[in-house]
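Take a look at the structure below.
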Amino acid sequence: MSQEHCIIIGGSHAAAALAAGLRQEGWEGKISLIGADPLPPYHRPPLSKAFLCGDKSESELLIRPADFYEKNNIDLVLGSRVTNIDREKKTVTLHDGGVISYTKLALTTGAKVRKIPIEGSDLGGVFYLRDLGDVQQIKKYIGKGKSAAIIGGGYIGLEAAASMRKMGMNVTVLEAMPRILQRVTAPEISAFYARVHQEEGVEIITEASVKAIEGSGDVNAVALADGRSIPADIVIIGVGVLPDVELAEQAGLELDNGIVVDEYARTSDHDIVAAGDCTNHFNPIYGRRLRLESVQNASDQAKIAAKTLCGNLTEYRALPWFWSDQFDLKLQIAGLSQGFDQVVTRGDYANTRSFAAFYFQDGKLLAVDAINRPKEFMLSKRFLAEGKNADPVKLADESVEVKDAFEG
Ligand SMILES: Cc1cc2nc3c(=O)[nH]c(=O)nc-3n(C[C@H](O)[C@H](O)[C@H](O)COP(=O)(O)OP(=O)(O)OC[C@H]3O[C@@H](n4cnc5c(N)ncnc54)[C@H](O)[C@@H]3O)c2cc1C
2 MSQEHCIIIG
12 GSHAAAALAA
22 GLRQEGWEGK
32 ISLIGADPLP
42 PYHRPPLSKA
52 FLCGDKSESE
62 LLIRPADFYE
72 KNNIDLVLGS
82 RVTNIDREKK
92 TVTLHDGGVI
102 SYTKLALTTG
112 AKVRKIPIEG
122 SDLGGVFYLR
132 DLGDVQQIKK
142 YIGKGKSAAI
152 IGGGYIGLEA
162 AASMRKMGMN
172 VTVLEAMPRI
182 LQRVTAPEIS
192 AFYARVHQEE
202 GVEIITEASV
212 KAIEGSGDVN
222 AVALADGRSI
232 PADIVIIGVG
242 VLPDVELAEQ
252 AGLELDNGIV
262 VDEYARTSDH
272 DIVAAGDCTN
282 HFNPIYGRRL
292 RLESVQNASD
302 QAKIAAKTLC
312 GNLTEYRALP
322 WFWSDQFDLK
332 LQIAGLSQGF
342 DQVVTRGDYA
352 NTRSFAAFYF
362 QDGKLLAVDA
372 INRPKEFMLS
382 KRFLAEGKNA
392 DPVKLADESV
402 EVKDAFEG
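First residue of the sequence shown: 2, per the working numbering; consecutive thereafter.
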C-alpha cells in the first residue's frame with residue numbers, strides 16, 4: 002500500500018468528484034474526505050426545487066450511493082470541520098483537536114451564503130438556503146395557505162418561490178433592483194420570468210427596499226421602506242454567495258476573489274489543489290479568470306484536480322453550463338453572457354413558455370439561455386465549446402434549423 006494520503010476538505014459536489022476521480026486515475030494511497038456536513042456528499046440543486054416541495058426524498062439526494070465510499074476505500078469523516086492547515090508539517094487540524102497528516106491536500110470548501118444585516122433576521126422562520134439542514138428547518142414553516150416572502154430575485158430565490166407556490170403558498174418576491182435576475186440575464190429573460198411567476202400567482206415587487214423583518218419569536222411580516230407590510234410566515238433570504246476561503250487564507254495560499262488556481266487546479270502550493278465554487282481559475286474559452294457557482298464547474302474541475310494529483314497534468318478547458326427549474330420551465334444555460342452587447346431571441350418570449358436567447362459581443366456568440374428548448378441548448382453548448390460562431394439573423398428565424406445558423 003502506498004504511503005500517500007490525500008485529504009479532501011469539503012463534502013459536496015467537488016469533493017465527491019475528486020475522490021471518485023482519484024480512484025479512477027489510479028491513486029493507490031489513502032483518501033480521506035473531511036466534510037462539515039453530517040451527510041455523505043449530496044446534490045444541492047434539488048434543495049430549492051424537488052426536495053423543497055417534497056417530490057424528492059433525502060436518500061435520493063446522494064451523489065453516490067452510501068456504500069460507494071467504502072467500496073472505493075475512501076474514508077468519510079463527516080460532521081467534522083478542519084480548522085487549520087499546517088503546510089510545513091503537512092497536517093490538518095480538526096475542530097475536535099485531532100491532527101491528521103497528508104501528502105496531498107484538496108480544498109473543495111465551496112461557497113457560503115452572503116449575509117445581510119436586516120433587523121429581525123434572527124427571528125424564527127427566517128432562513129438562508131444552502132444546506133440540507135437549512136431546508137429541514139424551512140420545511141417546518143411551509144405549507145398550503147401559508148405566506149412566504151423571498152428576499153432576492155435571483156435563481157435560488159425564484160426557484161424557492163416557484164416550489165412554495167406549487168405547494169399552495171402565498172409567495173412574494175422582494176427584489177432590490179429594477180428587475181429580477183438583473184445581474185445574470187438580459188431584460189427579455191427577466192421580463193419572461195416575471196410574467197410566468199405572475200401567471201402562476203407569485204407577487205414580484207422590484208425596487209423593494211427591505212426595512213425590517215417583523216414578528217415576536219417567529220416572523221410575521223416584512224416591512225418595506227415605502228411603508229408596505231408583506232405578510233410572511235417564513236422569509237428566505239437569497240442574495241448570493243461568497244467563496245469560502247477561510248482555510249486557504251489561514252494557510253497563506255494566494256487568493257483573489259476565491260482561491261487562485263492554475264489550469265491544472267493547483268493552488269500556489271503545488272501539493273494543494275482546489276476545485277469548485279471556492280476557486281478562481283482561468284477559462285481558455287473566454288480568455289479570462291472566472292469564479293463560477295455551478296455543479297458543472299465543481300465536478301469538471303475536480304476531475305482535473307484528481308488527474309493532477311495522480312501526475313497526469315491536463316488543462317481545465319470547459320464551457321460553463323448551468324440550469325434552473327421553475328414551474329414547468331427548464332432553463333439551460335450554455336456559456337457566459339457577461340459583456341454582451343446584443344441579444345437575439347428565437348421563439349415568442351412574450352406569449353409562450355419556450356424560447357431561447359442568444360448573447361453576442363462584437364458579433365461573436367457568447368452564450369445561450371434556452372427555456373424548454375433542449376435542442377438549442379445542446380447544439381449551442383457543443384458549438385460554443387468548439388469556438389464556432391452563429392448568424393444572429395438565422396438564429397432568430399425559426400424556419401432555419403438551429404444547426405444551420407452556426408458556421409462551418
Ligand atoms: C439551493 C441551491 C440550488 C442550486 N441550484 C443549482 C442548479 O440548478 N444548477 C447548478 O449548476 N448549480 C446550482 N447550485 C450551485 C451548486 O450547488 C454549487 O455550485 C455546488 O454545490 C458547488 O459545489 P462545491 O463542492 O464547490 O461546494 P459546496 O457545495 O459549497 O460545498 C462545500 C462543502 O465544504 C464544506 N466545508 C467548508 N469548509 C470546510 C471545512 N473547513 N471543513 C470541512 N468542511 C468544510 C461545506 O460545509 C460544504 O459542505 C445550487 C446551490 C444551491 C444552494
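Here a beta-carbon is modelled for each residue, glycine too, at the ideal position from N, C-alpha and C.
The structure displayed is predicted, hence computed values, not measured ones.
- When Cβ pairs closer than 8 Å are counted between the two stretches, the segment 173 to 192 is seen to touch the segment 143 to 160, the count reaching three or more.
- Scanning G99, K404, L108 for the CA closest to the CA of E255 turns up L108.
- With a cutoff of 7 Å on beta-carbon distance, D245 and N281 are scored as not near each other.
- Taking the Cα of A386 as reference, the smallest distance to any Cα among G340, Y317, V394, I8 is reached at Y317.
- For secondary structure counted as the alpha helix (DSSP H) over 4 or more consecutive residues, the segment 272 to 346 holds these complete runs in sequence order: 296 to 310.
- In the same chain as N85, and ignoring 5 residues on each side of it, the C-beta atoms closer than 6 Å to its own belong to T94, in chain order.
- Distance between I260 and G144, taken at the CA atoms: about 40 Å.
- Within the same chain, and ignoring the five residues on either side of Y287 in sequence, the residues whose Cβ sits closer than 7 Å to its Cβ are L337.
- DSSP places D56 outside both helix and strand once states are collapsed to three, so it counts as coil.
- Relative to ligand 1, H14 has its C-beta within less than 6 Å of a heavy atom.
- Here A307 really is in contact with G22; their C-beta atoms are around 3 Å apart, less than 8 Å.
- With contacts defined as CB atoms closer than 7 Å, I214 and L124 qualify as a contacting pair.
- Pairing D263 with L314, the inter-Cα distance amounts to about 11 Å.
- Per DSSP, the continuous alpha helix (DSSP H) segment holding D135 begins and ends at 133 to 139.
- At least 7 Å separates the beta-carbon of S217 from that of A224.
- Exclusion of the five residues before and after D76 leaves K31, I32, S33, L34, Y70 as the residues of its chain whose Cβ lies within less than 8 Å of its Cβ.
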